[in-house]
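First up is the structure itself, then whatever we jot down about it.
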Amino acid sequence: MAFERNAHHFDSYVMQRPEMGRIMGVPLDQKTCDTWNSIQSFQAHPADILVAAYPKAGTTWMQEIVDMICEDGDIMKCRRAPTYDRHPFLEVVAPEPVPSGLQLAEQMEPPRILKTHLPVQLLPPSFWKNNCKVIYVARNAKDCMVSYFHFQRMNKGLPDPGTWDNYFSTFMSGTVPWGSWFDHVIGWWKAKDSHQILYIFYEDMIKNPEHEIQKVMSFLKKDLSDNVLEKIHQHTSFQAMKENPMANYSTIPSFVMDHTISPFMRKGIVGDWKNYFSVAQDELFAKEYERKMKGTDLVFCTEQ
Ligand code: A3P
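Under the numbering used here, the first residue of the sequence shown carries the number 149, and numbering increases by one thereafter.
Here's what the structure looks like:
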């Protein structure tokens with residue numbers, strides 16, 4: 149809505165791809181790095197709910213599920229605004245006059261549903277201090293990589309991904325925005341042993357959405373009827389979200405997100421990596437994966 153409202157400001161605006169900086173070694177948009185102190189001192193409320201994920205792991209899908217649960221399955225209430233206005237994206241600093249994630253969050257009354265892609269070590273400490281509930285979504289690295297490649301192509305708010313072959317190396321070296329997929333999923337996996345974190349897998353959501361929605365409901369201590377559960381399931385299906393302008397990012401101007409290059413709601417499946425990985429890339433990936441995941445009991449599924 150903020151984008152729509154202010155679209156006229158951008159009439160002659162040519163969107164530049166962002167400069168990147170680093171915070172504790174993690175690549176982040178330079179504008180985020182410039183406001184890092186205020187992001188770190190963000191005051192979460194104990195009743196706030198945080199949806200956290202590595203980019204392209206199914207963040208938007210989980211946001212819609214959590215919103216539907218919190219609104220007791222009321223679809224009209226969940227159509228009140230686009231995803232990015234309903235759930236402030238903590239560390240995002242958009243070009244003026246679009247409000248930053250922090251500004252949006254501060255205008256909202258708790259309990260809020262907030263979104264972040266930050267790795268666990270960079271989360272503002274007030275979330276831990278206030279024992280906020282966190283729902284973390286994890287998706288297998290190969291599908292994340294393919295989805296992120298297409299997203300960086302269509303979203304001028306992120307660096308140009310270059311060719312697929314280049315992107316494969318960039319992703320593997322952890323120099324994409326928000327850093328290494330490996331560090332991210334492992335970091336949050338470890339944190340769940342000492343914090344209120346519900347760790348959910350994208351692949352499980354695909355396989356049995358109702359079961360995973362039920363888990364989120366129990367975690368949020370919401371007891372909703374089977375009818376409402378079914379309504380949430382329908383409203384958050386890939387097809388329903390693809391057609392929902394309040395969930396599919398079509399309200400962002402096309403000079404920022406160009407859905408003709410690749411739609412935000414692209415395929416929504418497990419295993420699309422097979423259409424992109426060469427045999428050599430798959431072998432390289434397997435070696436790196438073994439090395440980086442050594443010592444963790446975190447297991448991903450890469451096939452439907
Ligand atoms: P693909 O590009 O593989 O299609 P995020 O919200 O973290 O940016 O993740 C976006 C990815 O989640 C995209 O993956 C998108 O299609 C997928 N997605 C979004 N809503 C979905 C849904 N309801 N069911 C399945 N996948 C969904």
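The beta carbon of each residue, even a glycine, is placed where N, CA and C say it ideally should be.
Status (buried if at least 16 other CB within 10 Å, exposed otherwise) for residue i
{"i": "Asn303", "result": "buried"}
{"i": "Ile261", "result": "buried"}
{"i": "Thr311", "result": "exposed"}
{"i": "Thr207", "result": "buried"}
{"i": "Met172", "result": "exposed"}
{"i": "Arg153", "result": "Unreliable placement is indicated for Arg153, whose pLDDT of 48 sits below 50; the coordinate value is still reported in the next sentence. With fewer than 16 other Cβ atoms within 10 Å, it is exposed."}
{"i": "Glu451", "result": "exposed"}
{"i": "Val447", "result": "exposed"}
{"i": "Val402", "result": "Correcting the residue type first, residue 402 is Ser in the shown sequence and not Val. Ser402 comes out exposed."}
{"i": "Pro245", "result": "exposed"}
{"i": "Lys263", "result": "buried"}
{"i": "Ser248", "result": "buried"}
{"i": "Ser373", "result": "exposed"}
{"i": "Arg287", "result": "buried"}
{"i": "His359", "result": "exposed"}
{"i": "Met224", "result": "exposed"}
Beta carbon of residue i nearer than 8 Å to that of residue j
{"i": "Trp421", "j": "Asp291", "result": "yes"}
{"i": "Val285", "j": "Tyr350", "result": "yes"}
{"i": "Pro267", "j": "Asp331", "result": "yes"}
{"i": "Tyr397", "j": "Phe412", "result": "yes"}
{"i": "Asp196", "j": "Pro259", "result": "yes"}
{"i": "Gly169", "j": "Val376", "result": "no"}
{"i": "Leu250", "j": "Phe190", "result": "yes"}
{"i": "Gly322", "j": "Gln269", "result": "no"}
{"i": "His383", "j": "Pro357", "result": "no"}
{"i": "Val294", "j": "Tyr424", "result": "yes"}
{"i": "Trp276", "j": "His235", "result": "no"}
Beta bridge counterpart(s) of residue i as assigned by DSSP
{"i": "Tyr456", "result": "Since the first residue of the chain shown is 149 and the last is 452, residue 456 is not available in this structure."}
{"i": "Leu271", "result": "DSSP output for Leu271 lists no bridge partner at all."}
{"i": "Ile261", "result": "Ile197"}
{"i": "Met405", "result": "Asn303"}
{"i": "Phe237", "result": "Lys263"}
Contacting residues, own chain, Cβ-Cβ under 7 Å from residue i (five flanking each side not counted)
{"i": "Pro93", "result": "No answer is possible for residue 93: it lies beyond the span of the chain, which begins at 149 and ends at 452."}
{"i": "Ala395", "result": "Thr208, Glu212, Thr231 and Met389"}
{"i": "Pro393", "result": "Thr399"}
{"i": "Phe151", "result": "Only weak support is given to the placement of Phe151: the predicted model assigns it a pLDDT of 49, under 50, and the value that follows is read from those uncertain coordinates. Counting only Cβ-Cβ distances below 7 Å, and skipping sequence neighbours, we find Val246, Thr399, Ile400 and Pro401."}
Neighbourhood of residue i by C-beta distance below 8 Å, restricted to the same chain and skipping five residues each side
{"i": "Trp326", "result": "Val174, Pro175, Leu176, Tyr202, Pro203, His265, Leu266, Pro267 and His332"}
{"i": "Ile283", "result": "Ile197, Leu198, Val199, Ala200, Met210, Val214, Ile345, Leu346, Ile348, Val364 and Phe367"}
{"i": "Pro166", "result": "Asp177, Gln178, Lys179, Gly305, Leu306 and Pro307"}
{"i": "Asp182", "result": "Gly169 and Val241"}
Beta carbon proximity, residue i to chain D, threshold 8 Å
{"i": "Val333", "result": "The structure shown has no chain D; it contains just one protein chain."}
Residues near residue i by beta carbon distance below 6 Å, same chain, minus five either side
{"i": "Asp445", "result": "none"}
{"i": "Asn278", "result": "Ala192 and Pro194"}
{"i": "Met353", "result": "Glu360"}
{"i": "Lys370", "result": "Ile217"}
{"i": "Phe237", "result": "Gly249 and Lys263"}
At which residue ranges does the segment 296–369 contain complete beta strand (DSSP E) runs of 3 or more residues, listed in the order of the chain?
For the segment 296–369, whole beta strand (DSSP E) runs of length 3 or above, ordered along the chain, are 345–349.
4 or more residues per run - each alpha helix (DSSP H) lying fully within the segment 166–216:
Listed in chain order, the complete alpha helix (DSSP H) runs (minimum 4 residues) inside the segment 166–216 are 178–182 and 184–188.
In chain order, each alpha helix (DSSP H) run of at least 4 residues that lies wholly inside the segment 366–435:
Listed in chain order, the complete alpha helix (DSSP H) runs (minimum 4 residues) inside the segment 366–435 are 374–383 and 386–391.
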